[in-house]
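*Asks:* Read in order, the letters of the sequence shown correspond to residues 403 to 520 in my numbering.
For glycine and all other residues, C-beta sits at the position ideal for the given N, C-alpha and C.
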Amino acid sequence: MSHLFWNCRGAGNRRTVREVGAFVKAHSPRLVFLAETRQTSTKIERLKWKLGLKGFCGVDCEGRGGGLALFWDESLQVTVLESSKRFIDVSIIDQGSGKSWRSTFVYGEPRVEHRHRM
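#1: Thinking C-alpha only, which one of Trp-408, Lys-445, Ile-495, Asn-409 is nearest Ser-505?
#2: Would you call Gln-479 buried or exposed, if buried means 16 or more other Cβ atoms sit within 10 Å of its Cβ?
#3: If you measure between the beta carbons of Val-508 and Arg-488, is that distance less than 8 Å?
#4: Among the residues of its own chain, which have a CB less than 6 Å from the CB of Ser-502, if the five just before and after it don't count?
#5: Is it buried or exposed for Leu-433, if we count other Cβ within 10 angstroms and need 16 for buried?
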């Protein structure tokens with residue numbers, strides 16, 4: 403099973419959307435995590451159709467920074483346990499194999515002096 407984790411530094415940019423879309427098309431990841439989307443989750447959710455993925459959880463950006471997005475395909479049952487401006491914590495069940503696991507997708511504090519807060 404493949405996954406894509408990408409600090410996209412702004413997912414409102416057409417070039418970034420094309421690049422993410424091309425990567426997803428070429429590698430068919432079942433799970434895609436985008437950090438630093440710099441967009442509202444409502445705008446980012448529209449990407450799921452372009453990526454061909456059915457599930458979505460998003461965290462809005464704050465000002466000009468931050469923003470998280472997690473997309474997944476229909477073969478995964480994903481339950482969001484908790485989310486904040488720095489992480490999305492989920493429980494995942496692969497519906498094909500029945501295997502389950504927990505994952506936390508983290509976007510760390512960009513400022514060194516504040517990393518201890520994480």
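*Replies:* In brief:
#1: Numbered from 1 along the sequence shown, position 103 holds the residue referred to as residue 505. Of the candidates Trp-408, Lys-445, Ile-495, Asn-409, the one whose C-alpha sits nearest the C-alpha of Ser-505 is Ile-495.
#2: On the sequence shown, residue 479 is found 77 positions in, with the first residue counted as 1. With a threshold of 16 other beta carbon atoms within 10 Å, Gln-479 falls short and is exposed.
#3: Here residue 508 refers to the residue found at position 106 of the sequence shown. Here residue 488 refers to the residue found at position 86 of the sequence shown. Yes; because the gap between Cβ atoms is below 8 Å, this pair is in contact.
#4: In the sequence shown, residue 502 corresponds to position 100, counting from 1. Cβ within range, chain order: Ile-495.
#5: Against the sequence shown, residue 433 aligns to sequence position 31. Classification of Leu-433: buried, given that the 10 Å Cβ count is 16 or more.
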